[in-house]
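Okay, structure first, notes after.
There are 2 protein chains.
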Amino acid sequence: MTKIQKAACIGGGVIGGAWAARFVLAGIDTAMYDPHPEAERIIGEVMANAERAYSLLTAAPLPPKGKLTFYKTVEEAVAGADWIQESVPERIDLKRNVITQIDAAADPKALIGSSTSGIMPTELQRDMKHPERMFVAHPYNPVYLLPLAELVGGQKTSPAVLEEAKAKLAPIGMKGVILKKEIEAFVGDRLLEAVWREGLWLIQDDICDTETLDDVIRYSFGMRWAQMGMFETYRIAGGEAGMRHFIAQFGPCLSWPWTKLMDVVDLTDELVDKIASQSDAQSGAYGFRELERIRDENLVGIMQTLKGSNGGQGWGSGKLLAEFEAHLWKNAPKPAAPDLSQPIRLLDLKVQPSWVDYNGHMTEFRYTQCFADSADALLRLIGADMAYVEAGHSYYTVENHVRLLAECKLGESLYTKGQILPCDGKKLHTFMSLYRVSDDTMVATCEHLMLHVSSSESKSVPPLPEVMEKLQPLIDAHAKLPLPEGAGRSVGQKK
Amino acid sequence: MTKIQKAACIGGGVIGGAWAARFVLAGIDTAMYDPHPEAERIIGEVMANAERAYSLLTAAPLPPKGKLTFYKTVEEAVAGADWIQESVPERIDLKRNVITQIDAAADPKALIGSSTSGIMPTELQRDMKHPERMFVAHPYNPVYLLPLAELVGGQKTSPAVLEEAKAKLAPIGMKGVILKKEIEAFVGDRLLEAVWREGLWLIQDDICDTETLDDVIRYSFGMRWAQMGMFETYRIAGGEAGMRHFIAQFGPCLSWPWTKLMDVVDLTDELVDKIASQSDAQSGAYGFRELERIRDENLVGIMQTLKGSNGGQGWGSGKLLAEFEAHLWKNAPKPAAPDLSQPIRLLDLKVQPSWVDYNGHMTEFRYTQCFADSADALLRLIGADMAYVEAGHSYYTVENHVRLLAECKLGESLYTKGQILPCDGKKLHTFMSLYRVSDDTMVATCEHLMLHVSSSESKSVPPLPEVMEKLQPLIDAHAKLPLPEGAGRSVGQKK
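Protein chains in written order, with this note's numbering: chain A, 1 to 495; chain B, 1 to 495.
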């Protein structure tokens, strides 16, 4: 993937700060310019949210964080950047002036994206010297989790620049979607605006309150739209008769009486009061930060669920997450040769929302997951990685014996260490331990046995030489370690 | 919960058939009237989809299925029913006539819901003798999974009837949402219609194609709306400043230039062709049944994810699923006294979409999950259930030793059996085995050790007498069984 070398964010806040978090967490040094007196605090909060969300989202190895530097002028911030993202308030003159200023100071080849949710790029690039590299890259809140960026070019934007922008967004986990033509509010906010107008009428006319309206969305088509959009959903609704049939039967509704409500609602003080107080009744039991946390955990969970969809191939945002993780793994530095004289540190983990029971404690089988993932980490270390599996060999787990020694709470950071027990490599016999990062308490152990198999022959065979070359020194070195407490024991056996 | 005693579905098809599936799977005898020559085949297919989806959705004990009976007249079908659901084609005269016919034949106290997605109940109840018990209960496709029913009363509908309908939907896993006033298309289809109109313009004007539009939805606000609706999402977007601030700043957009597109698009043959061919390009690689399966698995996954949200308390449709499951457990028949002379059958399971790896095989830690859930089933059997836990006592797992003997595939049906090994009950030592339903092959075993604890004292104590009374006979009876092959073994130990 084409990687951004240095990013600059002009304008922080919830949107600009989250762009910065995307860049920094993908290992990209990022310059920030924001004159707001509390910019550093606000961006720091967004960054903390993003880091928390990422730690729950993926166990793939994020690169070392990029450096975030605050500058006092636009000119200093954009110096040397190859992606500059403008996220200043939504006023056309302000945005145009800032973009013109960026253009004058930046490398003429640097890409300049605007976070505007409505203004056409032709308007924004009007006064630029190098307008061909300017486009809209419109993201969605929370930008650090939702992967979409609508890419929209203006009259002077080079089509190649949009393709380049799309390619550069992939390594930061984002899905760039190129629109064919510019239009005010682009595609997403067009659709949102339509629902918003309709929703305001429903509240204004007392058809329902805000909670009911939200329930109508989230207990029905909201779930459909999280994984397929509108057209693909309706394609299924057409059933065997297909899409053409579906549209034809839906057509007449377009002129049914409710089109009378397509006027613009008048946003009076009374209506604003009504919405605000209904919203308090609906969501006031949760603080803003609490709602934000719940939303982020839900989004993480949905993306993780969709990652396993379609027989493990992934679907929608989950497929994108899998691609992002594959990219992270591919670009992870080769692990330093481990100190063979000690058990090897295998994996760093965090207790995920879906791992806890109603008490908030990690549930039994998730301990096994920690160890199964750690065994995978060991396999990668000896070269029995995805490529090895695809070429027809792999290790299958035949037994595991887990002892649960202490509880783990949601969000707690954990790590595992592993020791190879005496074995021939065709059998891979290990003893792993799970620890809390905070105080190095051992919270669980696992004695684990894998068997090396040939997938085509469906039988156990010795590992290929390239794996044994890495494994044998480990077996030999660990043969000198004392047997860990608990190894070789049966369930319930006294020490 | 108030339970429906007997249901009648007038009109089958995708909507009526799925209502029937909801009733039947909740244990309610259901009468079906549909004059379509292929009605039985179509309803059978919907029923099969529903059963597959339910088996993935929940491990809670569904009651024995209700009986589905086809009748040749409306009069026969509605006889004795206390909930009658009308799902005939969306033509006002047809619906009104059918509902008037139902009214004349049904018990005057029976509730009559219409599945109409747009017609006002006042129009439908016009000619009824007992109109007070008629209302709209508008569901969303796929009705067997999406829980929403919009409940809308007409001028003659009794408000108490809407509350009764809402109460009766809960035991079939549905969320009844009562609207304050009737309006054409109610709330959900109002919002959908707004997006549909806007979407048609975007396709017509070549701003994007159907795939791009769908991607814009599902990589962004679709995921937001699956778990919070529009108002709660925007409440967060308002940040510390709150909802009032958010609306005030959004207000001006309402009169921005794109409101010009609020005309109704003309659904020409050309536009229909364009949409149908773009949809083929987007989704044609998947057949209709395949898309349906992927959609259902994704919806199941999203609801299961949300069930674990908010620190295990559940959120939105996931909270509803948890409530539905609690209802199922509460109403499950007490298990028959097991045959103590044999290992006890503990649990029936199905390999879930989220349980398989990229090869389509059940992954290591899900075997442990099968056994952990089976241990919970054993605990319920001896009275150490949720109420016991809430009263301050419970069993904690301290060790498990799992042997994986064979692969399991997505959707495969499995069951577990368990034997108590010699123990005092304060320690609960068991040996469980996992089998395939198809051929009774043993696919895994688990030796498992739990410890009885007092939550308040945070220490191990003997079980309360009511648990020991049930457990001791089991311990005594199983002491006479031979020790299972593999019990007492350490990892890798030879037979």
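The beta carbon of each residue, even a glycine, is placed where N, CA and C say it ideally should be. Computed from a prediction, not measured in an experiment: that's the story for all the values here.
Going by beta carbon distance, what residues of the same chain come within less than 7 Å of residue i, once the five residues before and after it are set aside?
i         : result
Ala-487/B : Leu-421, Phe-431, Glu-447
Asp-29/A  : Lys-6, Gly-66, Lys-67
Ala-479/B : Pro-422
Lys-274/A : Ile-203
Ala-406/B : Thr-441, Val-443
Arg-366/B : Trp-355
Val-143/A : Ile-15, Ala-18, Trp-19, Arg-22
Closest to residue i by C-alpha separation, out of the options, would be which residue?
i         : options                                    : result
Ser-438/B : Leu-451/B, Glu-76/B, Met-450/B, Leu-349/B  : Leu-349/B
Ala-444/A : Ile-15/B, Asn-400/B, Glu-211/B, Ile-112/B  : Asn-400/B
Ser-490/A : Arg-403/A, Lys-480/A, Leu-68/A, Ser-283/A  : Arg-403/A
Ser-55/B  : Trp-19/B, Ala-170/B, Leu-434/B, Leu-414/B  : Leu-414/B
Ala-106/A : Trp-201/A, Phe-288/A, Val-152/A, Cys-9/A   : Cys-9/A
Gly-520/B : Gly-411/B, Ser-309/B, Pro-463/B            : This structure does not reach residue 520/B, given that chain B is present from 1 up to 495, and the question cannot be answered.
Glu-75/A  : Pro-108/A, Leu-405/A, Gln-101/A, Asp-476/A : Gln-101/A
Ile-344/A : Leu-25/A, Ser-433/A, Ser-117/A             : Ser-433/A
Met-243/B : Gly-360/A, Gly-316/A, Asp-280/A            : Asp-280/A
Phe-70/B  : Gly-44/B, Trp-83/B, Ala-53/B               : Gly-44/B
Val-152/A : Leu-179/A, Glu-412/A, Asp-205/A, Val-143/A : Leu-179/A
Gly-316/A : Ile-84/A, Gly-229/A, Ile-112/A, Arg-295/A  : Gly-229/A
Find the residues of chain B that neighbour residue i, judging by a C-beta separation of less than 8 Å, and give them in chain order.
i         : result
Val-46/A  : Result: empty, since nearest Cβ-Cβ is about 10 Å, beyond 8 Å.
Ile-247/A : Leu-267, Val-272, Ile-275, Ala-276
Thr-100/A : Here the premise fails: no neighbours, minimum Cβ distance about 23 Å.
Leu-291/A : Met-228, Glu-232, Arg-235, Ile-236
Lys-175/A : Asp-215, Tyr-219
Ala-81/A  : Result: empty, since nearest Cβ-Cβ is about 26 Å, beyond 8 Å.
Would you list the one or two residues that DSSP bridges to residue i?
i         : result
Phe-135/B : Gly-113/B, Gly-153/B
Ser-455/B : Looking at the DSSP assignment, Ser-455/B forms no beta bridge with any residue, so it has no partner.
Gly-418/B : Ile-344/B, Met-432/B
Asn-359/B : DSSP output for Asn-359/B lists no bridge partner at all.
Met-120/B : None, per the DSSP bridge assignment.
Asn-496/A : Residue 496/A falls outside the range modelled here, since chain A spans only 1 to 495, and no answer is possible.
Gln-85/B  : Cys-9/B, Gly-113/B
Asn-400/A : His-448/A, Val-402/B
Thr-69/A  : Ala-31/A
Leu-379/A : Paired residues: none, contrary to the question.
In chain A, which residues lie with their C-beta within 8 Å of the C-beta of residue i?
i         : result
Arg-489/B : Ser-490
Would you mind telling me which residues of chain A sit closer than 7 Å to residue i, beta carbon to beta carbon, in chain order?
i         : result
Glu-208/B : Glu is not the amino acid found at residue 208/B; the sequence shown has Cys there. Under the 7 Å cutoff, chain A gives Leu-179, Lys-180, Val-187.
Trp-315/B : Ile-294, Asn-298
His-140/B : The sequence shown places Tyr at residue 140/B, rather than the His named in the question. Near Tyr-140/B (Cβ distances below 7 Å), the residues of chain A are Ser-220, Phe-221.
Ser-279/B : Phe-231, Arg-235, Met-243
For residue i, which residues from the same chain have a beta carbon less than 6 Å from its beta carbon, with the 5 sequence-adjacent residues on both sides left out?
i         : result
Leu-328/A : Ala-60, Pro-61
Leu-321/B : Met-303, Lys-307
Pro-338/A : Ile-344
Lys-260/A : The pLDDT assigned to Lys-260/A is 43, lower than 50, so where the model puts this residue is not dependable; a value taken from the coordinates is nonetheless given after this. Cβ within range, chain order: n/a, list empty.
Gln-155/B : Thr-122
Arg-293/A : none
Starting from the beta carbon of residue i, find every residue of chain A whose beta carbon is closer than 9 Å, and list them in chain order.
i         : result
His-429/B : Val-491, Gly-492
His-401/B : Glu-399, Asn-400, His-401, Val-402, Glu-447, Ser-490, Val-491
Leu-191/B : Ala-194, Val-195, Glu-198, Gly-199, Leu-202, Leu-213, Val-216, Ile-217, Phe-221
Val-443/B : Under the 9 Å cutoff, chain A gives no residues; its nearest Cβ is about 12 Å from Val-443/B.
Val-356/B : Gly-308, Gly-311, Gly-312
Quick one: residues in its chain with C-beta nearer than 8 Å to the C-beta of residue i, no 5 flanking neighbours on either side, listed in chain order?
i         : result
Ser-158/A : Glu-132, Arg-133
Asp-214/A : Gln-282
If the cut is a Cβ gap below 7 Å, which residues of chain B does residue i touch?
i         : result
Met-228/A : Asp-214, Arg-218, Arg-295
Pro-353/A : Gly-308, Ser-309
Phe-324/A : By Cβ distance, chain B contributes nothing, its closest Cβ being about 12 Å from Phe-324/A, past 7 Å.
List, in order along the chain, the chain B residues whose C-beta lies closer than 9 Å to that of residue i?
i         : result
Leu-146/A : Tyr-219, Ser-220, Phe-221, Met-223, Arg-224
Minimum length 4: unbroken alpha helix (DSSP H) runs contained in the stretch 160–222 of chain B: Correct list: 188–204, 210–218.
Sequence ranges, alpha helix (DSSP H) only - wholly within the stretch 261–344 of chain A, length at least 4: If we require 4 residues or more, the alpha helix (DSSP H) runs fully inside the stretch 261–344 of chain A come out as 269–283, 288–307, 317–331.
Any beta strand (DSSP E) of 3 or more consecutive residues that is wholly inside the stretch 15–43 of chain A: Within the stretch 15–43 of chain A, the complete beta strand (DSSP E) runs of at least 3 residues are 29–33.
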